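Read the structure below first, then the notes.
Number of protein chains: 2
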Amino acid sequence: MARKALPLNGSSLHEGVREEIRKRIASGLYKPGQAIPSTAQLGEEFDVSPITVKRALRDLQSAGALTSVPGKGTFVKEQHRFLRELDVWVSSMENARRLGFEPTMELISITKEKITDPTLSVFNPPDEAQLCVRKIIYADGTPIMYDAAYLSTDVPDAIVDEFGERFVIDALRRHKIELMDIRIVIDAAPASPGAQQAFSIPNGYPMLRRLYLIKTIRPGIRVIGVVESPFDRLACSINLPAKTIARMERPS
Amino acid sequence: MARKALPLNGSSLHEGVREEIRKRIASGLYKPGQAIPSTAQLGEEFDVSPITVKRALRDLQSAGALTSVPGKGTFVKEQHRFLRELDVWVSSMENARRLGFEPTMELISITKEKITDPTLSVFNPPDEAQLCVRKIIYADGTPIMYDAAYLSTDVPDAIVDEFGERFVIDALRRHKIELMDIRIVIDAAPASPGAQQAFSIPNGYPMLRRLYLIKTIRPGIRVIGVVESPFDRLACSINLPAKTIARMERPS
DNA sequence: GAGTGGTCTAGACCACCCT
DNA sequence: GGGTGGTCTAGACCACTCC
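Going down the list, the protein sequences come from chains F and B.
Okay, so the first sequence: first residue is 96 according to the numbering used here, each after it adds one.
Okay, so the second sequence: first residue is 96 according to the numbering used here, each after it adds one.
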């Protein structure tokens, strides 16, 4: 077994190992869904300590390239149906179906808590405790969103009961509470603890996030929330035809 | 010096250390811009090895909470001017100024290369090598975007010369090449090697990314590109008034 | 039982910064 | 010189899986 000298381009050993493995994935030597050699084998091949290999693999895990299962091995992550062509807003059954997937959901919890997430302060949330509905949304069986929605007070129990099986918006609508307008902030962020568990992803995993503020025709009823999706599962696409561009550039 | 027993909630030691430090930042005990105690001191306080502390700190770095400077110490990251209220499209001087900041830019390179980034395949990019313009865009002096723009062939040198000081769109316009339409895909991703260097951020740092395809009135001239921003520097906000919502839900 | 990945530690370097 | 963080290694555990 010939030991391979790593071409460390002015960088550290674990970086060299990481990039070499990344190359092998890109080149197809290590294929999606298949196991890569064990840390011991790789350590021997590159002539570095297995611990250094582990360090490299851990970095590739938090970058979404690998997954490792204790006791079994480390596997190249399947770039499992990267959903594209997603429109700005999907939080209704109708919308989801139109985009070509069958949504299901799992209710995690309904609690009463204050909004603490500092990023939600964009929407000037109230200080009082809110009804918080957390759920996981699946597309054709694979989880794609982790949603935490905060509702202002005085939501009838009849509506709350429906949150387990319907999108919040759909549940409100069924009770004649129509939407007024929506503000969305799109950003990226490391996965929250809840999302880490829901998607079984490591600490610091990059997530695409949408913060939303929904106003309804009832002044008292307002929804503030956060939806997180693993970066390799979801993207938003937007089209701007020439007319729209012109309007944006010469605002009235 | 009383040793503090960590409350490890069913998790590992380094996770306990990480969360304790995170708490201290949130509570204001460790303040933005200030140094936290050294790994040795923290190790003593928590009664764990300094290596375990280092591991915890490294995770907090890749999550954007800390920065460490070799030889000096580890510092709580200033949540430096998180730019909000950004509209969908800012790649022109005029737009940027309207949004309230003075943009400057630094040209990194102008090369001729093929588009290899697999995520750009959304736009069905051509196989031939393209003119690639890489630059960093600053807002009031702090870097906020790392841009890689690929232009189709046959762009006159007179225009190319302007890329160092102008946005690509602005440069094209000055030469009467107007835009037709724009497609944007917004997603998140770990930082690319170029962006890592530009923002001096660690491997795997979450970035907000915009992939764009710009068609112009000249069929031969087309721009495909990627803009990356560190997640703690930029977010996109979108407003949907009631009229727009109705239109989206009952598409023609 | 042999193999896997995950964690924790001790110890040894290095490069850097400050005084 | 004494502090800092960063890297690499050896070695020891543990929990898990598969045969």
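The beta carbon of each residue, even a glycine, is placed where N, CA and C say it ideally should be.
All values derive from a computational prediction rather than experimental measurement.
- Its Cα nearest to that of residue 137/B, the residue 169/B stands out among 258/B, 158/B and 169/B.
- Residue 219/B is outside the set of residues whose beta carbon lies under 8 Å from a beta carbon in chain F.
- 258/F is the residue among 166/F, 294/F and 258/F whose C-alpha sits nearest the C-alpha of residue 269/F.
- Judged by DSSP in its simplified three-state form, residue 257/B adopts helix.
- Between the alpha carbons of residue 160/F and residue 171/F lies a distance of about 6 Å.
- Per DSSP, residue 135/B is not a residue of any beta strand (DSSP E); the alpha helix (DSSP H) it occupies stretches across 134-141.
- Distances from the CA of residue 318/B to each of 285/B, 296/B, 120/B and 274/B were compared; the closest alpha carbon is that of 274/B.
- In the displayed model, residue 309/F falls within a strand according to three-state DSSP.
- Between the stretch 221-230 of chain F and the stretch 199-209 of chain F there are three or more inter-stretch CB-CB distances shorter than 8 Å, so the stretches are counted as touching.
- When the Cα atoms are used, residue 153/F and residue 145/F turn out to be separated by approximately 12 Å.
- With its beta carbon less than 8 Å from one in chain B, residue 285/F belongs to the interface.
- No Cβ-Cβ contact shorter than 8 Å links residue 211/B with residue 306/B.
- In this structure residue 301/B touches residue 326/B by the C-beta definition: roughly 4 Å separates them, less than 8 Å.
- Contact between residue 322/F and residue 330/B is ruled out by a C-beta separation of about 14 Å, above the 8 Å threshold.
- The Cβ atoms of residue 198/B and residue 245/B do not sit closer than 8 Å to each other.
- Per DSSP, residue 166/B lies in no beta strand (DSSP E) segment and is marked neither H nor E.
- Counting the other Cβ atoms within 10 Å of the Cβ of residue 267/B gives 16 or more, which makes it buried.
- Judged by DSSP secondary structure, residue 273/B falls outside any alpha helix (DSSP H); it is assigned neither H nor E.
- Annotation for residue 129/B: 170 and 171 place their beta carbon closer than 8 Å to its own, counting only its chain and skipping 5 residues before and after.
- Judged by DSSP secondary structure, residue 118/F falls within the alpha helix (DSSP H) whose first and last residues are 108-122.
- Inclusion of residue 272/F and residue 309/F in the CB contact set at 8 Å is not warranted, their separation being larger than that value.
- Each of 296/B, 282/B and 312/B was checked against the Cα of residue 328/F, and the nearest Cα belongs to 282/B.
- Chain B has no Cβ within less than 8 Å of the Cβ of residue 188/F.
- Here DSSP, grouped into helix, strand and coil, assigns residue 328/F to coil.
- Within the DSSP bridge table, the entry for residue 237/B names 234/B as partners.
- Buried is the label assigned to residue 155/F, since at least 16 other Cβ atoms lie within 10 Å of its Cβ.
- Apart from sequence neighbours up to five positions away, the residues of its chain that approach residue 120/B with a beta-carbon distance below 7 Å are 160 and 171, ordered along the chain.
- Following the DSSP letters along the chain, one finds residue 288/F inside the alpha helix (DSSP H) bounded by residues 288-294.
- Taking the Cα positions, residue 142/F is about 25 Å away from residue 299/B.
- Look at residue 129/F here: in three-state DSSP terms it is coil, with no helix or strand label.
- Contact note: residue 261/F does not reach chain B at a C-beta cutoff of 7 Å; the least C-beta distance is about 16 Å.
- In this structure, DSSP gives residue 216/F a helical state, which the three-state scheme calls helix.
- Counting along the chain, residue 198/B sits inside the beta strand (DSSP E) bounded by residues 198-208.
- The beta-carbon separation of residue 196/F and residue 238/F, rounded to 12 Å, does not stay under the 8 Å limit for a contact.
- The C-alpha of residue 220/B is placed about 16 Å away from the C-alpha of residue 249/B.
- Separation of residue 115/F and residue 132/F (C-alpha to C-alpha, rounded to the nearest whole angstrom) is 13 Å.
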